[in-house]
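Novice:
Numbering (our numbering), first residue to last: 102 to 485.
Following this line, the structure appears as structure tokens:
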């Protein structure tokens with residue numbers, strides 16, 4: 102009988118928000134022990150992912166202000182106190198997985214942060230072990246963060262490439278940080294060119310992905326994946342979409358799938374094509390999920406149109422539309438907004454969120470109880 106009531110209690114607790122569960126931990130030692138149990142933490146996370154509950158939009162403004170918007174209601178906006186606190190220093194999101202976020206500041210300090218529990222940890226630093234070419238004129242650093250279910254570990258990948266001025270020579274290295282061991286280790290080198298100064302990978306199908314170049318000056322980017330379990334790199338083929346047009350593109354993971362979005366101009370209009378890879382690693386499994394022609398929603402070009410997530414019943418896709426402005430060699434967001442795209446009715450609906458900033462970066466994440474480890478620090482002061 103006691104086991105029956107315990108199972109019923111766990112079933113009820115799995116349906117609660119992280120905020121409510123943290124309150125219950127203060128009620129008694131028994132509640133605290135139950136909610137802190139690794140089995141319950143995984144059960145709660147699994148329920149949230151399966152039912153698409155306890156999800157939020159994480160919004161970053163001015164490179165240092167963070168806000169959370171409840172995905173279910175779309176109405177509650179809360180300012181978050183991140184690891185740098187009130188310091189107005191740029192901080193970027195390297196990636197997110199199961200409620201944990203990897204952050205980096207201007208001093209290349211890397212943090213793991215759970216916004217829901219307000220725990221964070223500063224990762225140990227690691228030196229670049231490769232030697233520079235005789236005359237080094239450029240450096241690329243790519244990051245990626247994700248969960249490996251095989252080893253039950255969270256891993257951060259860092260790839261560094263140093264380019265020489267003569268004959269296109271370069272040296273490279275790849276390292277993996279393990280949250281379980283709290284240390285970095287070097288893995289075998291990669292055989293592609295990073296080109297861009299800094300890029301952050303996306304997670305899909307238990308692998309991290311980046312757009313890279315095979316030949317350094319081919320002008321054609323390729324998608325490469327890094328399996329977090331085997332720690333092997335592999336190339337994946339993109340769909341045959343309109344590369345002969347001037348377009349903006351975005352490629353990311355959406356609910357476990359690789360998702361590619363191309364935005365381009367045709368006569369008197371702007372077209373948005375969204376592709377999904379249904380079977381991982383199989384080029385023929387790319388399908389065009391959406392071909393959206395809505396000039397009044399995208400009046401300015403170039404604009405970046407990015408799908409964020411499916412609705413709970415799967416009949417809509419939430420998009421973030423960013424209107425861009427270029428200043429010298431850098432792009433800036435002029436204005437951002439959210440819209441729903443109805444897959445069956447092929448209609449677009451505006452999303453109104455009170456108190457949201459005018460321009461921002463956005464990430465979709467699940468609120469969870471996932472702990473960092475014994476070295477975590479609690480952020481005590483919660484922002485109003």
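Glycine included, each C-beta is placed from N, C-alpha and C at the ideal position.
Contact between the segment 210-227 and the segment 465-475 is defined here as three or more beta-carbon pairs at a separation below 8 Å; is this criterion met?
Specialist: yes
Novice: Compare the C-alpha of residue 292 against each of 273, 277, 367 and name the closest.
Specialist: Against the chain shown, residue 292 aligns to sequence position 191. Nearest option by C-alpha distance: 273.
Novice: Go ahead and pull the three-state DSSP assignment for residue 429.
Specialist: Here residue 429 is taken as the residue at index 328 of the chain shown, counted from 1. Here the model assigns residue 429 a pLDDT of 48, short of 50, so the residue's position is not dependable, and the following value carries that caveat. Here residue 429 sits in coil by DSSP.
Novice: So is residue 131 buried or exposed if we call it buried at 16+ other beta carbons inside 10 Å?
Specialist: Your numbering for residue 131 matches position 30 in the chain shown. Under this definition residue 131 is an exposed residue.
Novice: By the 10 Å Cβ neighbour count, where 16 or more other Cβ atoms means buried, how is residue 155 classified, buried or exposed?
Specialist: Residue numbering aside, residue 155 sits at position 54 when the chain shown is read from its first letter. Burial state of residue 155 is buried, judged by a 10 Å Cβ sphere holding 16 or more other Cβ atoms.
Novice: Run through DSSP, which three-state label would residue 148 get?
Specialist: In the chain shown, counting from the first residue as 1, residue 148 sits at position 47. DSSP places residue 148 in helix when its eight states are reduced to three.
Novice: The alpha helix (DSSP H) spanning residue 133 covers which residue range?
Specialist: Walking along the chain shown from the start, residue 133 turns up at place 32. Counting along the chain, the unbroken alpha helix (DSSP H) around residue 133 starts and ends at 130-137.
Novice: Once the 5 residues before and after residue 442 are set aside, which same chain residues still bring their CB inside 7 Å of it?
Specialist: Taking the first residue of the chain shown as position 1, residue 442 is located at position 341. Closer than 7 Å at the Cβ level, and outside the excluded window around residue 442, lie 391, 393, 417, 418, 420, 449.
Novice: Pop quiz: residue 279 and residue 254 are said to be a contact at Cβ under 8 Å. What is the actual Cβ separation, rounded to whole angstroms?
Specialist: Counting from 1 along the chain shown, the entry for residue 279 is found at position 178. Counting from 1 along the chain shown, the entry for residue 254 is found at position 153. Between residue 254 and residue 279 the Cβ distance is about 5 Å, and since that is below 8 Å, they are a contact.
Novice: Tell me, which residues are paired with residue 170 by DSSP?
Specialist: As a first step, residue 170 is located in the chain shown; it is residue number 69 there, counting from the start. Looking at the DSSP assignment, residue 170 forms a beta bridge with 158, 178.
Novice: Give me the residue from 182, 170, 164 with the minimum Cα distance to residue 190.
Specialist: Taking the chain shown and counting its residues from 1, one reaches residue 190 at position 89. For the residues 182, 170, 164, the minimum Cα distance to residue 190 belongs to 164.
Novice: So, for residue 329: in the same chain, excluding its five sequence neighbours on each side, which residues have a beta-carbon less than 7 Å away from its beta-carbon?
Specialist: Counting from 1 along the chain shown, the entry for residue 329 is found at position 228. Result list for residue 329: 247, 249, 256, 307, 308, 309, in chain order.
Novice: Using the beta-carbon count (16 or more within 10 Å), is residue 110 buried or exposed?
Specialist: The count along the chain shown starts at 1 and reaches residue 110 at position 9. Flag for residue 110 reads exposed.
Novice: Determine, using beta carbons only, whether residue 153 and residue 353 come nearer to each other than 7 Å.
Specialist: One-based indexing of the chain shown puts residue 153 at position 52. One-based indexing of the chain shown puts residue 353 at position 252. Not closer than 7 Å, so no.
Novice: With DSSP as the reference, please indicate the residues paired to residue 442 in a beta bridge.
Specialist: The residue labelled residue 442 in the question sits at position 341 within the chain shown. Answer is 418, 449.
Novice: Check whether the Cβ atoms of residue 463 and residue 160 lie closer than 7 Å to each other.
Specialist: Position 362 of the chain shown, counted from the first residue, corresponds to residue 463. Position 59 of the chain shown, counted from the first residue, corresponds to residue 160. Yes; because the gap between Cβ atoms is below 7 Å, this pair is in contact.
Novice: Give the range of the alpha helix (DSSP H) segment to which residue 119 is assigned.
Specialist: Sequence index remark: in the chain shown, residue 119 carries index 18 (1-based). It spans 119-126 - the alpha helix (DSSP H) in which residue 119 sits, taken as one unbroken run.
Novice: Suppose the cutoff is 6 Å on Cβ atoms and the five residues either side in sequence are ignored; what does the same chain contact list for residue 429 look like?
Specialist: For the purposes of this step, residue 429 is taken as residue 328 along the chain shown, with counting starting at 1. Low confidence applies here, because residue 429 scores a pLDDT of 48, under 50, leaving its location unreliable; read the following figure in that light. Answer for residue 429: no residue qualifies.
Novice: Who pairs with residue 370 in a beta bridge, going by DSSP?
Specialist: Taking the first residue of the chain shown as 1, we reach residue 370 at position 269. Bridge partners of residue 370: 367.
Novice: Only counting the same chain, and skipping five residues up and downstream in sequence, which positions put a Cβ closer than 6 Å to that of residue 284?
Specialist: The residue you call residue 284 lines up with position 183 of the chain shown. So the list is empty, once near-sequence residues are dropped.
Novice: Kindly indicate which three-state DSSP category residue 193 falls into: helix, strand or coil?
Specialist: Residue mapping note: residue 193 aligns to position 92 of the chain shown, counting from 1. The answer is strand: DSSP assigns residue 193 an E or B state.
Novice: Classify residue 140 as helix, strand or coil using the three-state DSSP reduction.
Specialist: Working through the chain shown from its first residue, we reach residue 140 at position 39. Three-state result, residue 140: helix.
Novice: Could you tell me which of 370, 452, 351 sits nearest to residue 48, measuring between CA atoms?
Specialist: Any question about residue 48 goes unanswered here, given that the chain covers just 102 to 485.
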